[in-house]
Each structure stands twice: as C-alpha cells, then as structure tokens.
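Colleague: So the mapping is simple: our numbering equals the position in the sequence shown, first residue as 1, plus 53.
Glycine included, each C-beta is placed from N, C-alpha and C at the ideal position.
These numbers come from a predicted model, not from an experiment.
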Amino acid sequence: MRRKIVALMSGGLIGKIVGVGRELLVASLYGTGPVASAYRLAQAALFIPINFFTADVLNAAVIPLQRQYQGSGDKDAEARFATIVLMGFGLFGLLLGLLMVCFASDLVRVLAPTFNAPTHACATMFLQILSLGAPLYILAGLMSYLEMGAGGHSLTSARATVQSVGLIASTCAAYYLGQSALLATGFVLAQIVCCVWGWRRLTALGLIRRTSIRSDQVKEVVRRVLRLMRPLILLPILMQGNFAVERIVATQLADGAVAAIDYARLVSDTVNILITVPFALAVLSELAGKSADEIRRALLGIAVPLTLLTVPASGFLYVHAHDVVALMYGRGAFGERSILLTSAILSTMSIGLWAQALGYIAQKALAAQLRNRTAVAFMMISLAVSVAINLVVSRWIGVAAIGLAVTGYGVVNSVMAARAFGYSFKELSPIGWMIAGEIAYIALAAAIDWPSGLKGLVIAAVASGIFWIVWIGANSRLRRTMLGYMKTRVQGRTI
C-alpha cells in the first residue's frame with residue numbers, strides 16, 4: 054500500500070512540476086490576451102459537461118465494483134464489467150463530443166457573452182478541436198480507474214504528465230508556426246497516447262479480452278453503476294455550475310480575466326496541494342475504523358498543525374501577490390496588465406487558503422462517518438455563497454471578487470463542519486489565534502514599503518517567519534503543537 058501511495062504521489066508531483074512549466078510557457082507566449090482567454094474558455098466549456106460524470110463520481114462507482122468482481126474470482130465477469138463500462142461511457146463520450154462540436158458556438162456564447170467576434174470565433178474553433186478528445190478523455194480516465202481497481206497505478210500517476218507534455222509541444226508549435234489552432238491539438242494527441250497505453254495495460258491485466266455478453270448482464274452492470282453514482286451526482290452538478298458562473302462573470306469583468314483565474318489558481322492550488330495532501334492522507338489513515346468521538350479528536354489534532362502551515366502562507370500570498378505573480382509569470386507576453394489581473398484574483402483567493410484546506414479535510418472526515426448528506430448540504434450552502442459573491446460583490450471590487458468567492462466557499466464550509474463536529478470555542482481557540490495573527494500580519498506587512506522582485510520576497514519571507522515564530526510562541530498550545538510536530542519530523546515519523 055505504501056509503495057502505491059508513494060508511486061501515485063511521485064507521479065502526481067512530476068505531473069504538477071510539468072504542469073507548472075506548461076503554465077509558465079503559455080503565460081510567457083500568450084499572457085492573458087485574446088488567444089489565451091479563448092483557449093481557457095474553450096477548456097472550461099469542454100470540462101463542465103465532462104466533469105458531471107467523471108472525477109469523484111465515476112471513481113466512486115467503478116473502483117468498488119471492479120474490486121467486487123475481482124474478489125469473486127470470476128475472471129469472465131470481471132472482463133465483462135470492464136468491457137460494458139468502457140463501451141457505455143465511450144459511447145456517451147462520443148455523443149457528448151459530437152454535440153459540443155455542433156453547438157460549440159452556442160456554448161461559447163453562454164459562457165462568454167461579452168467576447169468580441171474574433172475571440173468568440175477563436176474559442177469556438179478551440180472547443181471544436183478539444184471536443185474531438187472528449188470520448189478519449191473519458192475512456193482514459195475510466196481505464197485508469199479500472200487499472201487502480203485491479204491493483205495498478207501507472208496510468209493514473211502518468212496521465213497528468215502525458216497531458217502536460219502534449220500541451221507543451223502543441224503550445225510551442227502553435228506559437229512558432231503562427232497557427233493558434235494547434236494549441237488544442239496537444240490535448241487530443243495526449244488522450245490518444247493515454248488510451249493506447251490504457252488499452253495495453255488493461256489487456257495485460259486481463260480486463261480487455263474476448264468474452265460473451267448478454268443483455269441481462271449489461272442491465273445488471275448499468276443498474277449497479279447508477280446505484281453507486283446516484284448519491285454523488287449532485288456534487289459535480291453544483292461544482293460545475295459554480296465553475297460556469299465564475300467563467301461567465303470573469304468574461305464580463307475584464308478582458309483576460311478567464312486566463313488570469315487559471316494562472317492565479319495554479320499558485321494557490323500548488324501551495325494547497327503541497328501542504329494539504331499529506332494531511333489528507335493522514336486523515337484517511339487516522340480515521341479508518343475509528344468511532345465518531347475518535348474521528349472528532351483526530352480531526353482536531355490534524356486541523357491545528359494544518360493551520361500552522363496554511364495561515365502564514367495565506368497572509369504572505371495576500372500581501373505579496375503582485376511580486377509573486379511578477380516573479381512567476383512576468384515575462385514575454387505577460388505584461389503589467391496581466392500581472393495586475395492575476396494578482397488581484399490571487400490575493401483574495403489566497404487569504405482563505407487555510408479555510409479551503411480545513412474544509413477539504415473536514416469533508417474527508419464526514420465521509421469517514423458516512424455523513425454524505427451532511428457533506429452535500431454543506432457544499433450546497435458554500436457554493437451558493439460563492440455564486441452570490443461572484444454575482445453581487447464583483448460589482449464593487451471587480452475581478453478580486455472571483456478569488457473572494459473561492460475564499461468564501463472555504464470559510465463557510467469549514468465553519469459549518471466545525472459546528473457539525475460540535476467543537477467548542479475553547480477547542481478552536483488555537484485556530485482562532487492563528488486567524489487573528491493573519492489579520493495582524495496583513496495589517497503590519499501592508500503598511501511596509503517592501504523592495505520589489507526576488508530580493509523583496511526573500512526579505513518579506515524572513516520577516517514573515519520572525520513574525521509567526523513570535524506570534525505562535527505567545528500561545529502555549531500552539532507552541533506545544535509546533536514543537537511536537539517538529540520533533541516527529543526530526544524523528545522521521547509521519548503526521
């Protein structure tokens with residue numbers, strides 16, 4: 054198990070590094086200009102319908118059923134299951150892709166009503182090309198789940214890297230040949246590679262082979278898949294609805310805002326992934342088989358050290374968003390206007406990194422208690438707040454509202470989770486102390502005229518470290534938590 058987790062994490066880390074390189078390349082060559090905005094919008098238009106039926110929903114249905122068939126010892130039944138779901142979702146993906154090719158212009162108009170004619174035409178062209186890869190993308194994801202159900206992990210760990218490499222190659226070709234349409238071909242080619250790889254892997258595992266299939270067997274598989282998918286289908290609908298509203302609002306606020314969102318999210322998500330994923334793994338291992346009271350105590354024991362890491366990162370990125378964005382992206386076509394757009398979104402998105410992390414961990418804990426309805430209800434309320442901020446607050450603060458909506462989602466989600474687990478103010482006082490520290494840090498740091506560039510960021514990072522050492526040291530419980538965490542890391546143990 055540990056070897057698989059390490060393989061998945063290392064594959065994910067490699068994919069993240071290559072993905073960062075891809076984003077830096079796109080930012081340098083296209084910035085937040087019309088081509089970048091059109092491509093980002095086309096990506097959103099592609100993934101909004103696809104994600105209704107993929108990601109966690111498909112994962113939650115396919116892997117458990119795959120393991121059940123595998124555990125039965127009936128190799129023919131296992132192969133039939135794989136064949137039926139591949140054919141079913143492959144046909145669904147083909148139909149979805151054809152519909153998006155035919156109605157690409159209408160989809161772009163819905164998501165970006167303020168695009169001018171050239172940008173609209175460019176986004177439509179991108180979406181039509183990307184839609185050719187829709188069935189392949191769904192099949193590649195399904196193959197990775199089937200492989201995981203059979204105990205493999207190579208396709209899952211490598212998909213993101215293959216996709217990023219394809220996009221890097223197509224971006225370079227598009228820019229140097231002066232053919233922007235080539236930007237979208239990298240995605241399609243990457244999905245072809247993933248599907249061929251997945252087909253070979255599943256064939257080697259015995260999941261793809263000749264087998265007879267009766268209509269009653271097809272009905273049984275469909276019934277079991279839908280039964281597992283049904284309770285979770287509302288989640289992607291809510292998430293993708295919020296995603297669509299975010300894109301629509303962005304196109305109305307400023308040219309280039311759609312691209313700026315993804316550049317800002319790359320920074321905040323990278324920080325969140327590096328910090329939150331190890332804690333999420335700790336939650337899954339700590340909570341397995343525990344009682345409700347044990348889960349409650351374990352969650353609080355993880356939440357406090359998590360805030361020790363995420364709150365300082367939140368405050369730092371909020372204050373120094375402009376310099377961070379300029380350092381990462383400020384070259385080539387990514388000019389001062391692109392920096393201002395991206396940093397405005399990043400600052401408000403980052404101020405609640407701690408809330409996003411705590412909410413994510415709390416969702417895992419609720420799932421461990423089989424309180425899925427509670428988790429869905431919390432997400433519905435949080436997403437409603439996010440949509441309201443995007444639609445209303447954006448009238449006063451512009452693109453910064455997009456980042457604030459992400460923060461609002463995290464804050465509402467984490468606060469409701471704290472109430473659901475029945476934590477008292479005393480139990481949460483260390484977290485409250487850290488949040489108060491973020492407010493104090495922002496007030497102090499914002500009043501200082503920091504040097505620009507890398508030198509200024511280094512000085513600011515040192516000053517931030519000193520501030521937080523003093524602030525954490527002033528709270529006895531946080532001080533003990535930090536020292537205990539540092540001790541376990543020195544001794545080589547996990548959280």
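#1: Is Leu144 near the ligand ZN, going by C-beta to nearest heavy atom under 8 Å?
#2: Which of the three DSSP states, helix, strand or coil, is assigned to Ile266?
#3: Buried or exposed: Leu279, going by 16 or more other Cβ atoms within 10 Å of its Cβ?
#4: Are at least three pairs of beta-carbons, each pair with one atom in the stretch 198 to 206 and one in the stretch 225 to 243, less than 8 Å apart?
#5: Do Gly485 and Phe520 have their beta-carbon atoms positioned less than 9 Å apart in this structure?
#6: With a cut-off of 8 Å on the beta carbons, I'd call Arg133 and Thr264 a contact; round off their distance for me.
#7: Checking 9 Å against the spacing of the C-beta atoms, do Glu317 and Ser396 come in under that value?
#8: Between Gly146, Leu82, Ser517, Glu131, which has its C-alpha nearest Leu362's C-alpha?
#9: Which first and last residues belong to the alpha helix (DSSP H) in which Asp127 is found?
#10: So, using beta-carbon positions, are Met402 and Val364 closer together than 9 Å?
#11: Quick one: is Ile103 buried, meaning 16 or more other Cβ sit within 10 Å of its Cβ, or exposed?
#12: Taking DSSP as the reference, what is the three-state secondary structure of Pro102?
#13: Between Leu288, His375, Pro188, Gln216, which has its C-alpha nearest Trp503's C-alpha?
#14: Apply the 10 Å Cβ neighbour rule to Ala310 and answer buried if 16 or more other Cβ atoms are within range, or exposed otherwise.
#15: Give the secondary structure of Trp486 by DSSP, where H, G and I count as helix, E and B as strand, and everything else as coil.
#16: Under DSSP, the alpha helix (DSSP H) around Val377 begins and ends at which residues?
#17: Could you please give the first and the last residue of the uninterrupted alpha helix (DSSP H) stretch that includes Arg448?
#18: Beta-carbon within less than 8 Å of Ser529's beta-carbon, same chain only, minus the 5 sequence neighbours each way: which residues are those?
#19: Under 8 Å by Cβ, that's how I've got Thr224 and Leu78 pegged, so tell me the actual separation to the nearest angstrom.
#20: Taking only the alpha-carbon atoms, compute the straight-line gap between Ser321 and Val378 and give it to the nearest angstrom.
#21: Keeping to the same chain, check which residues put their C-beta closer than 7 Å to that of Leu291; ignore five residues upstream and five downstream.
#22: Flag this pair as yes or no: are the beta carbons of Ser439 and Tyr462 separated by less than 9 Å?
#23: With a CB to CB cut of under 6 Å and the five nearest residues on each side skipped, what residues in its chain are close to Ile261?
#24: Based on Cα-Cα distance, which residue from Ala170, Phe179, Leu147 lies nearest to Ala157?
#25: Give me the residue from Leu306, Thr85, Cys155, Met153 with the minimum Cα distance to Ile455.
#26: Excluding sequence positions up to five away, which residues of its chain have a Cβ less than 8 Å from the Cβ of Val249?
#27: By a C-beta neighbour count over all protein chains shown, 10 Å radius and 16 as the cutoff for buried, is Met140 buried or exposed?
#28: Looking only at its own chain, which residues have a Cβ that is under 7 Å from the Cβ of Gly72, when we skip the five neighbours before and after it?
#29: Measuring alpha carbon to alpha carbon, tell me which residue in Ala203, Asp346, Leu183 is nearest Phe474.
#30: Can you give me the C-alpha to C-alpha distance between Ala80 and Tyr382, rounded to a whole angstrom?
#31: Quick one: Cα of Tyr190 to Cα of Ala441, how far?
#32: State the CB to CB distance for the pair Ala415 and Ala470, rounded to an integer number of angstroms; the pair is presumed to be in contact (CB under 8 Å).
#33: Rounded to whole angstroms, what is the Cα-Cα separation between Gly126 and Phe145?
Modeller: Here's the rundown:
#1: As presented, the structure is devoid of all ligands, the ligand ZN included, so that no description of it is given.
#2: Note: Ile266 maps to coil in three-state DSSP.
#3: Only exposed fits Leu279, as fewer than 16 other CB atoms lie within 10 angstroms of its CB.
#4: The way I'd put it, the stretch 198 to 206 doesn't touch the stretch 225 to 243; fewer than three beta-carbon pairs between them come closer than 8 Å.
#5: Not closer than 9 Å, so no.
#6: Rounded, the Cβ-Cβ distance is 5 Å, consistent with contact.
#7: The amino acid at residue 317 is misidentified as Glu; the sequence shows Ala. Taking the C-beta atoms as reference points, Ser396 is found nearer than 9 Å to Ala317.
#8: Leu362 has its Cα closest to that of Ser517, out of Gly146, Leu82, Ser517, Glu131.
#9: For Asp127, there is no enclosing alpha helix (DSSP H), as DSSP marks it with neither H nor E.
#10: Cβ distance not < 9 Å, so Met402 and Val364 don't count as in contact.
#11: With 16 or more other Cβ atoms inside 10 Å of its own Cβ, Ile103 counts as buried.
#12: In the displayed model, Pro102 falls within a helix according to three-state DSSP.
#13: When each option's Cα is compared against that of Trp503, the closest is His375.
#14: By the beta-carbon neighbour count (other beta carbons within 10 angstroms, threshold 16), Ala310 is buried.
#15: Under the three-state reduction of DSSP output, Trp486 falls in the helix class.
#16: Element bounds for Val377: 374 to 382.
#17: Residues 447 to 450.
#18: There are no such residues.
#19: Yes, Thr224 and Leu78 are in contact; Cβ-Cβ is about 6 Å, under 8 Å.
#20: Cα to Cα, Ser321 sits roughly 11 Å from Val378.
#21: Residues of the same chain with a CB within less than 7 Å of the CB of Leu291, apart from the 5 flanking positions on each side, are Met432, Met433, Leu436 in chain order.
#22: One thing to note: Ser439 has its Cβ within 9 Å of the Cβ of Tyr462.
#23: The beta carbon of Ile261 sits closer than 6 Å to those of Leu255, all from its chain and outside the five residues before and after it, given in chain order.
#24: Checked all of Ala170, Phe179, Leu147; the closest Cα to Ala157 is Phe179.
#25: For Ile455, the closest alpha carbon among the candidates Leu306, Thr85, Cys155, Met153 is that of Leu306.
#26: Within the same chain, no residue comes within 8 Å of Val249 by CB-CB distance, once the 5 residues on both sides are set aside.
#27: Under this definition Met140 is an exposed residue.
#28: Same-chain partners within the cutoff: Ala213, Ser217.
#29: Closest in alpha carbon position to Phe474, among Ala203, Asp346, Leu183, is Asp346.
#30: Approximately 6 Å, taken between the alpha carbons.
#31: Computed Cα separation, rounded: 32 Å.
#32: Indeed they touch by this definition, with Cβ atoms about 3 Å apart.
#33: Taking the straight line from one Cα to the other gives about 29 Å.
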